[in-house]
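What follows is a single structure, written as structure tokens, with notes after it.
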Amino acid sequence: MEDKERIKSQISKLEEKYKDSGQDLSSYLDGLLYQRYLTYWDYIHLDTLLSLQVPRTHFPDEEIFIMYHQITELYFKLILHEQKQLVDDKSQSLDFFIEKLRRINSYYQALISSFGIMIKGMEREQFLQYRMALLPASGFQSAQFRMIEIYATPLENLIHLSERNEFSSDHKIEELYEHIYWKKGATDLSTGDKTLTLKQFEYRYTPRLIRIAKQVEGNTIYHKYLSLPKELRQNIGLIEALKQLDQNANINWQLMHMGSAHRYLRKDSGDIEATGGTNWKEYLPPSFQKIVFFPNLYTEQELDNWGKQRVDHLFNPDKLK
Ligand code: HEM
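The sequence shown lines up with residues 1 to 321 when you count with this note's numbering.
Shown next, in the form of structure tokens:
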């Protein structure tokens with residue numbers, strides 16, 4: 001009897017809901033009657049997901065290479081998902097800010113600690129052969145990696161180190177974007193020619209990246225922090241979480257990633273060229289790039305030593321108390 005009453009009340013609520021939107025409840029109930037039960041595999045589109053690993057060669061380890069990149073891109077998407085909520089948030093709630101940063105840091109920690117799959121998990125001989133079938137594609141072309149940077153900090157902080165002092169928020173987005181660090185990294189400095197990898201990336205993604213940069217102009221995660229009331233800005237938990245994000249994104253991930261480049265591309269006599277055509281030994285080190293999302297959280301000395309070593313306490317969040 002109680003059940004019947006409950007169902008009656010649910011139906012009358014549904015009637016209200018559909019009436020308000022000019023819809024007919026009875027048709028929706030028919031839909032419910034004919035609908036198949038939901039399954040796990042349909043819900044997460046498992047068949048589609050597992051059909052996306054398509055190697056271009058017959059070397060078995062190429063599949064590992066594809067999958068780890070795909071897993072990383074999914075984590076990048078999780079990071080962006082949290083960043084977008086932070087940027088959209090108007091509440092200035094400290095707990096919300098810290099919780100979003102905590103999630104982002106836990107995604108980075110998963111990526112950083114699992115990089116061994118790339119560093120140790122493939123045969124070098126296979127890698128050096130199948131990579132020739134992948135030219136000129138490179139992780140350098142990861143648009144989500146670039147978006148994470150644009151959501152985190154204003155473009156003037158992403159200018160190539162050699163000319164960062166010459167730019168400020170007074171410059172137009174388009175101008176700043178032209179001088180972003182990764183463009184220089186993929187340009188032959190003697191001829192000024194861009195690598196094909198960069199040209200293709202620019203053609204595909206410039207409009208989107210510029211649109212995002214304009215959308216978050218004056219409202220990046222760094223701006224969100226700077227616009228908090230003073231007592232919140234001084235909160236130790238918040239400062240630690242922001243620094244952790246900065247160091248995970250701009251030092252620790254980079255150093256693990258460079259570990260892969262060294263394992264596969266270093267030779268006793270000279271280095272093997274990168275598929276993306278950069279001079280990778282000069283381009284990749286975080287101490288050369290010196291990308292810092294939240295520069296005013298550090299001392300001059302910390303900035304001078306940026307990226308010279310892995311920031312170890314970040315690998316063990318329990319040490320952060
Ligand atoms: C065997 C494994 C790997 C090697 C040898 C490697 C090598 C390289 C090299 C040499 C570069 C410099 C650009 C170029 O000239 O191509 C680069 C850039 C990059 N790679 Fe990888 N990579 C590996 C795995 C990955 C994975 C799993 C990801 C995940 C998405 C990734 C993402 C990136 C990104 C985002 C950049 C640009 C970094 C920046 O601009 O600072 N790489 N990689």
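Glycine included, every Cβ here is placed at the ideal spot set by N, Cα and C.
Applying the 10 Å Cβ sphere with the 16-neighbour rule, what's the burial state of residue i?
i: Gln247; result: buried
i: Ile44; result: exposed
i: Lys120; result: exposed
i: Arg211; result: exposed
i: Gln309; result: exposed
i: Arg56; result: exposed
i: Leu320; result: With a pLDDT of 36 at Leu320, under the threshold of 50, the modelled position of that residue is not reliable, and no figure is offered here.
i: Lys199; result: exposed
i: Lys267; result: exposed
i: Leu32; result: exposed
i: Glu125; result: exposed
i: Ala241; result: buried
i: Met67; result: exposed
i: Glu2; result: exposed
i: Tyr225; result: buried
i: Pro286; result: buried
i: Glu62; result: buried
i: Lys13; result: exposed
i: Glu163; result: exposed
i: Glu149; result: buried
Less than 8 Å separating the beta-carbons of residue i and residue j?
i: Ala213; j: Tyr177; result: yes
i: Tyr108; j: Leu78; result: no
i: Leu80; j: Tyr151; result: yes
i: Thr72; j: Phe293; result: no
i: Leu284; j: Gln254; result: yes
i: Thr278; j: Arg131; result: no
i: Phe360; j: Tyr222; result: Residue 360 is absent from the model: the chain starts at 1 and stops at 321.
i: Leu86; j: Phe97; result: yes
i: Ala261; j: Trp280; result: yes
i: Gln141; j: Thr195; result: no
i: Gly192; j: Ile251; result: no
i: Ile173; j: Glu217; result: yes
i: Leu101; j: Leu245; result: yes
i: Ile291; j: Leu158; result: yes
i: Gly139; j: His69; result: yes
i: Glu15; j: Leu25; result: yes
i: Tyr205; j: Ala137; result: no
i: Asn235; j: Leu46; result: no
Roughly how many angstroms separate the alpha carbons of residue i and residue j, rounded to a whole number?
i: Lys51; j: Lys184; result: A small correction: the amino acid at residue 51 is Ser; Lys does not occupy that position in the sequence shown. Taking the straight line from one Cα to the other gives about 36 Å.
i: Ser113; j: Glu166; result: 37 Å
i: Phe145; j: Pro60; result: 27 Å
i: Thr39; j: Ile104; result: 30 Å
i: Glu175; j: Thr220; result: 18 Å
i: Phe65; j: His160; result: 29 Å
i: Val54; j: Lys4; result: 53 Å
i: Asp84; j: Leu209; result: Note that residue 84 is Lys in the sequence shown here, rather than Asp. Cα to Cα, Lys84 sits roughly 14 Å from Leu209.
i: Asp304; j: His58; result: 46 Å
i: Leu232; j: Asp170; result: 27 Å
i: Arg6; j: Tyr34; result: 23 Å
i: Leu228; j: Asp88; result: 14 Å
i: Ser269; j: Gln129; result: 18 Å
i: Glu273; j: Phe76; result: 26 Å
i: Lys8; j: Gln92; result: 43 Å
i: Thr299; j: Met258; result: 26 Å
i: Trp41; j: Lys90; result: 37 Å
i: Phe288; j: Ser21; result: 58 Å
i: Thr187; j: Lys230; result: 42 Å
i: Glu302; j: Leu189; result: 29 Å
i: Glu82; j: Gln215; result: 16 Å
Could you pull the DSSP bridge partners for residue i from this structure?
i: Asp188; result: Per DSSP, none; premise fails for Asp188.
i: Lys194; result: Thr187
i: Arg103; result: Partner(s): none; Arg103 has no beta bridge.
i: Ile251; result: Paired residues: none, contrary to the question.
i: Arg266; result: Asp271
i: Ile159; result: Ile180
Residue i: beta carbon under 7 Å from a heavy atom of the ligand SAH?
i: Tyr205; result: The ligand content of the structure shown is limited to the ligand HEM, which means the ligand SAH is not among them.
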